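Novice: Got a structure for you, written out below as structure tokens; questions coming shortly.
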Amino acid sequence: MKTPTMRLDRLLANLGYGSRREVGFMVAGGLVVRDGVRLRDPSERLPITADMPEHIRVGAAPIDPPAPLTLVLHKPLGVVCSHKEPGRSVYELLPERWRRRDPVLSTIGRLDAETSGLLLITDDGALLHRVISPRNHVTKRYLATLDRPLRGDEGAAFAAGDLVLEGETDPLAPAVLEPLSPTTAWLTITEGRYHQVRRMFAAVGNHVVALNRDRIGGLDLEAGLAPGDFRVAAADDLAAIFAAPAAA
Ligand code: URA
Numbered sequence: 004m005k006t007p008t009m010r011l012d013r014l015l016a017n018l019g020y021g022s023r024r025e026v027g028f029m030v031a032g033g034l035v036v037r038d039g040v041r042l043r044d045p046s047e048r049l050p051i052t053a054d055m056p057e058h059i060r061v062g063a064a065p066i067d068p069p070a071p072l073t074l075v076l077h078k079p080l081g082v083v084c085s086h087k088e089p090g091r092s093v094y095e096l097l098p099e100r101w102r103r104r105d106p107v108l109s110t111i112g113r114l115d116a117e118t119s120g121l122l123l124i125t126d127d128g129a130l131l132h133r134v135i136s137p138r139n140h141v142t143k144r145y146l147a148t149l150d151r152p153l154r155g156d157e158g159a160a161f162a163a164g165d166l167v168l169e170g171e172t173d174p175l176a177p178a179v180l181e182p183l184s185p186t187t188a189w190l191t192i193t194e195g196r197y198h199q200v201r202r203m204f205a206a207v208g209n210h211v212v213a214l215n216r217d218r219i220g221g222l223d224l225e226a227g228l229a230p231g232d233f234r235v236a237a238a239d240d241l242a243a244i245f246a247a248p249a250a251a
């Protein structure tokens, strides 16, 4: 496939560095350097490649990664996944300029404010749809801490494929419960209905007191990524989302 190219001023504006006019001044001022050479022409077309940050600097720092960009983020408790909800949003965990990127970054699905764990953020609409489409059966695994001990029949209720959540008419797809202790369990689901895990446990007479997502498809939240931290997803992370999880 031919490498796409873009004018330098358009690229910088799309990455949120400023308006076309502002970034034009930055370039004319010698702030953009490629492999040690100042780029002075805002209209120069550059090939858009994932390794641009290794070659191009804007001021003292590597240029931001160009689109398509996907981030692996460890969502902390207490932040929301939407721009519209009140409260601090996950987008505030990213560099401020990234809120002005075009194409925009969006979360792939949502976690509640009171749920922590693995969250993907992307500007790649096709990837987003591939991950959330129920047809692709991408699994999501949650560690649920429960208010009351499991009775023992919850796994069968979740696996049956006929559980209907309160206020809904469509039964849930089968889900897999793996108890870890009387009050903790992994629950693996393939859908993303509103507050799904909390409502599933409510449907079997329990209550979730803490919830963390640690896996999407075959992609695990790594121990080294602290709450609030993120990293740029590599090609093998994207492949892992659509691969089977590693055997326990
Ligand atoms: N299920 C929930 O109840 N909450 C989440 O954040 C995700 C799944």
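Mapping of the sequence shown onto my numbering: residues 4 to 251, in sequence order.
Quick reminder that beta carbons are idealized off the backbone N, C-alpha and C, glycines included.
Computed from a prediction, not measured in an experiment: that's the story for all the values here.
Can you round the beta-carbon distance between P248 and E194 to whole angstroms, since I take them to be within the 8 Å contact cut?
Specialist: If you number the sequence shown from 1, residue 248 lands on position 245. If you number the sequence shown from 1, residue 194 lands on position 191. Rounded, the Cβ-Cβ distance is 17 Å, inconsistent with contact.
Novice: Please tell me whether, using a cut-off of 7 Å, the distance from the CB of H198 to the nearest non-hydrogen atom of ligand 1 is below it.
Specialist: Within the sequence shown, numbered from 1, the residue matching residue 198 stands at position 195. At least one heavy atom of ligand 1 lies closer than 7 Å to the C-beta of H198.
Novice: Could you check if D115 belongs to the surroundings of ligand 1, using beta carbon to heavy atom distance under 7 Å?
Specialist: Position 112 of the sequence shown, counting from 1, holds the residue named residue 115. It does: the Cβ of D115 is within 7 Å (strictly closer) of some heavy atom of ligand 1.
Novice: My guess is that A163 and P182 are in contact by the Cβ rule of under 8 Å, so how many angstroms apart are they, rounded?
Specialist: Within the sequence shown, residue 163 is the residue found at index 160, counting from 1. Within the sequence shown, residue 182 is the residue found at index 179, counting from 1. Actually they do not touch by this definition, with Cβ atoms about 17 Å apart.
Novice: Please state whether the Cβ-Cβ distance between T191 and D127 is less than 8 Å.
Specialist: Here residue 191 is taken as the residue at index 188 of the sequence shown, counted from 1. Here residue 127 is taken as the residue at index 124 of the sequence shown, counted from 1. No. Outside cutoff.
Novice: Taking 7 Å as the line, does the beta carbon of R201 fall inside it for any heavy atom of ligand 1?
Specialist: Mapped onto the sequence shown, residue 201 falls at position 198. Flag set: Cβ of R201 near ligand 1.
Novice: Determine, using beta carbons only, whether D115 and H198 come nearer to each other than 8 Å.
Specialist: For the purposes of this step, residue 115 is identified with residue 112 of the sequence shown, where counting begins at 1. For the purposes of this step, residue 198 is identified with residue 195 of the sequence shown, where counting begins at 1. Closer than 8 Å, so yes.
Novice: Using three-state DSSP, classify N263 as helix, strand or coil.
Specialist: Here the chain comprises residues numbered 4 to 251, so residue 263 is not present and cannot be evaluated.
Novice: CA-CA distance, K87 and G39?
Specialist: Taking the sequence shown and counting its residues from 1, the one referred to as residue 87 is at position 84. Taking the sequence shown and counting its residues from 1, the one referred to as residue 39 is at position 36. For K87 and G39, the distance between alpha carbons rounds to 42 Å.
Novice: Quick one: what does DSSP say P177 is sitting in, helix, strand or coil?
Specialist: Here residue 177 refers to the residue found at position 174 of the sequence shown. Coil, per DSSP.
Novice: Who does Y145 pair with in a DSSP beta bridge?
Specialist: Here the question's residue 145 lines up with position 142 in the sequence shown. Beta-bridge pairing links Y145 to L190, R216.
Novice: On the three-pair Cβ rule with 8 Å, is the region 133-153 touching the region 75-95?
Specialist: no
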